[in-house]
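Everything below concerns the one structure shown next.
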Amino acid sequence: MGRGVREAVSSFRQIEQQAFPAISAITQMELTIGCRSKAELRTLDRFLLRFQVIKLNEQTSDVAIDLLRRYRVSHGLLIADALIAASALSLDMSFVTKNQSDYRFIPGLRLLAYPQPLATQL
Numbered sequence: 029m030g031r032g033v034r035e036a037v038s039s040f041r042q043i044e045q046q047a048f049p050a051i052s053a054i055t056q057m058e059l060t061i062g063c064r065s066k067a068e069l070r071t072l073d074r075f076l077l078r079f080q081v082i083k084l085n086e087q088t089s090d091v092a093i094d095l096l097r098r099y100r101v102s103h104g105l106l107i108a109d110a111l112i113a114a115s116a117l118s119l120d121m122s123f124v125t126k127n128q129s130d131y132r133f134i135p136g137l138r139l140l141a142y143p144q145p146l147a148t149q150l
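Sequential numbering of the sequence shown, starting at 29, is according to the working numbering.
Next up, the structure:
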């Protein structure tokens with residue numbers, strides 16, 4: 029949890045107090061490839077126990093494909109970002125990310141501000 033993520037930890041703790049947090053399997057994969065050692069991987073595994081991991085399914089895939097068809101050319105939407113957004117949209121979940129600009133243009137996505145007190149947004 030190093031690497032300058034104080035704001036993320038603060039936001040996560042606020043969310044965790046109000047709801048059982050979830051992440052996309054894609055986010056889990058992105059975090060995994062960011063690990064630089066087995067020790068970091070073990071730390072990540074312990075951290076991820078706090079989350080429900082949203083697995084990909086047919087509905088998520090269909091939504092992601094639609095998002096890519098609509099926003100790849102106009103906004104540069106990436107495959108991973110489309111899958112992450114589709115996970116939230118498919119389950120009608122609020123969504124928080126540091127990379128707001130990667131998702132801001134997607135209608136229907138309940139994108140929470142980052143970082144800020146989240147108590148009024150959930």
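Even glycine gets a Cβ: it sits at the ideal position worked out from N, Cα and C. Model, not experiment: these values are computed from the prediction.
In the DSSP annotation of this structure, the continuous segment of the beta strand (DSSP E) that includes F123 starts and ends at 122-124.
In this structure, E68 keeps its C-beta atom at 8 angstroms or more from the C-beta atom of A108. In this structure, A116 lies away from L95, with their beta-carbon atoms at least 8 angstroms apart.
Between the alpha carbons of R74 and T60 lies a distance of about 12 angstroms.
Taking a 10 Å sphere around the C-beta of V81, we find fewer than 16 other C-beta atoms and assign the residue as exposed.
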